[in-house]
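Q:
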Amino acid sequence: MHNTFLEKIQNHQQPIGTFLELGSAFATEALGKSGLDFVIIDNEHGPFEAESSAALVRAAEVSGICPLARVRETSRPAVLKLLDIGVKGLIVPDVHSASQVKELVHFAKYAPIGSRGFCPSRKDFWGFDFPAAEPIPTQMAYHNRETLLIPQCETVGCLNEIETIAAMEGVDGIFVGPFDLSISMGIAGEFDHPDFQNALERVQKACKEAGKFCICFAPSQEAAIQGFQRGFDAMAYSFDAAMLAQAYQNAIAQIRAAL
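Take the sequence shown: its letters are residues 261 to 519, numbered as in my numbering.
Structure representation (structure tokens):
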């Protein structure tokens, strides 16, 4: 499965995704029929490891939705295992510096950009699927292009170096985490605060100047719409557990109100 998220970004199609927290392959398959463009398997806040994440990647592939993942930590095993099971992009939380991102590029990208360990794995059907038959340099170039590294701007440290980070070779885009970024700035949840609005503009400008895409989390439909209106390339809307509970809550309220 090629990277449909990247394709839609390149075609300016404004992809919309959501986070997976429930850990259900059946729910992931259902989301593939919802109109969503991508899912983010949350290894940071969700109850997942690489093995259980692989089942969710498989379910996403079956239903035609692009599987991304958020890593649990900025370590080589956390990065490498998710790439080898076939996720199409990594969102990396808790980024504080350009030097930290440089190390992430080292883990996530093959030479000559980084030093990712080379091994046939589920991503290429253990050496029996495309592009495994191609020369090794061609394989590495393909995965460097098709497998995305997306640091998450959610700390003042990352914000202070965002121009350097966004311009770094091997970084494909930036994901804005508005809740943690506002907390790190000392204005928790004050999304209309001028300092927070200036921070968003700074991140977007850095991405645009570097030719990289910029994604943001949206807790509501209104926030997703506003995000696209202000120029974000993609939006990650809510998460599966919240949407499930909210849908039933609304339905039950309507039923009871009619009785």
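A virtual CB, placed ideally from N, CA and C, is assigned to each residue, including glycine.
When the distance is taken between beta carbons, is Ala-358 closer than 8 Å to Ala-315?
A: Not a contact, by the Cβ cut-off of 8 Å.
Q: Taking contact to mean at least 3 C-beta pairs separated by less than 8 Å, is the segment 359-371 in contact with the segment 330-349?
A: Contact holds: three or more Cβ-Cβ distances are below 8 Å.
Q: Only counting runs of 4 or more residues, tell me where the alpha helix (DSSP H) segments fall wholly within the segment 444-476, in order along the chain.
A: Taking only runs of at least 4 residues, the alpha helix (DSSP H) segments lying wholly in the segment 444-476 are 454-470.
Q: When the Cα atoms are used, what is the spatial distance from Phe-473 to Ala-496?
A: Going from the Cα of Phe-473 to the Cα of Ala-496 covers about 13 Å.
Q: Could you give the first and the last residue of the continuous alpha helix (DSSP H) run that contains Tyr-508?
A: Residues 500-518.
Q: Are the CB atoms of Gly-433 and Ile-410 within a distance shorter than 8 Å?
A: Yes, they are a contact pair.
Q: Can you grab the Cα-Cα spacing for the pair Gln-486 / Gly-324, in whole Å?
A: Each residue's alpha carbon lies about 27 Å from the other.
Q: From Glu-321, Ile-396, Glu-309, Glu-311, pick the residue whose C-alpha is nearest to that of Val-299; which is it?
A: Here the closest residue by C-alpha is Glu-321.
Q: Measuring alpha carbon to alpha carbon, tell me which of His-403, His-356, Ser-381 ends up nearest Ala-371.
A: For the residues His-403, His-356, Ser-381, the minimum Cα distance to Ala-371 belongs to His-403.
Q: Specify the secondary structure class of Cys-379 as computed by DSSP and reduced to three states.
A: Coil.
Q: Between Ser-444 and Glu-414, how many whole angstroms is the CB-CB distance? I'm expecting something under 8 Å.
A: That belief holds up - the Cβ atoms of Ser-444 and Glu-414 are roughly 7 Å apart, short of 8 Å.
Q: Please report the straight-line C-alpha distance between Gly-374 and Ala-368, rounded to a whole angstrom.
A: Gly-374 and Ala-368: Cα-Cα distance of roughly 7 Å.
Q: Does DSSP put Pro-397 in a helix, in a strand, or in coil?
A: Pro-397 falls in the helix class under three-state DSSP.
Q: Indicate the three-state DSSP secondary structure (helix, strand or coil) for His-307 in the structure shown.
A: As written in the sequence, residue 307 is Pro, which differs from the His given in the question. In the structure shown, Pro-307 sits in coil (DSSP, three-state: anything other than H, G, I, E or B).
Q: Looking at C-alpha atoms only, which residue of Ser-294, Cys-326, Gly-292, Glu-281 is the closest neighbour of Glu-309?
A: It is Glu-281 whose Cα lies nearest to the Cα of Glu-309.
Q: Excluding the 5 residues flanking Val-416 on each side, which residues of the same chain have their C-beta closer than 7 Å to its C-beta?
A: Contacts found: Ser-444, Met-445.
Q: Who does Asp-297 pair with in a DSSP beta bridge?
A: According to DSSP, which records beta bridges pairwise, Asp-297 is partnered with nothing at all.
Q: Using a 10 Å radius around the Cβ and a threshold of 16 neighbouring Cβ atoms, would you call Leu-441 buried or exposed?
A: Buried, by the Cβ-count rule.
Q: Give the secondary structure of Ile-269 by DSSP, where H, G and I count as helix, E and B as strand, and everything else as coil.
A: Reduced to three states, the DSSP call for Ile-269 is helix.
Q: From this set, Lys-268, Arg-318, Ser-312, Gly-377, which residue's C-alpha is nearest Leu-296's C-alpha?
A: Per the Cα distances, Lys-268.
Q: Could you pull the start and end residues of the beta strand (DSSP E) that Pro-411 belongs to?
A: From DSSP, the beta strand (DSSP E) with Pro-411 extends over 408-413.
Q: The alpha helix (DSSP H) spanning Phe-390 covers which residue range?
A: Element bounds for Phe-390: n/a, residue is neither H nor E.
Q: For Glu-394, count neighbouring C-beta atoms within 10 Å of its own C-beta (all shown protein chains included) and say buried if the count is 16 or more, exposed if not.
A: Flag for Glu-394 reads exposed.
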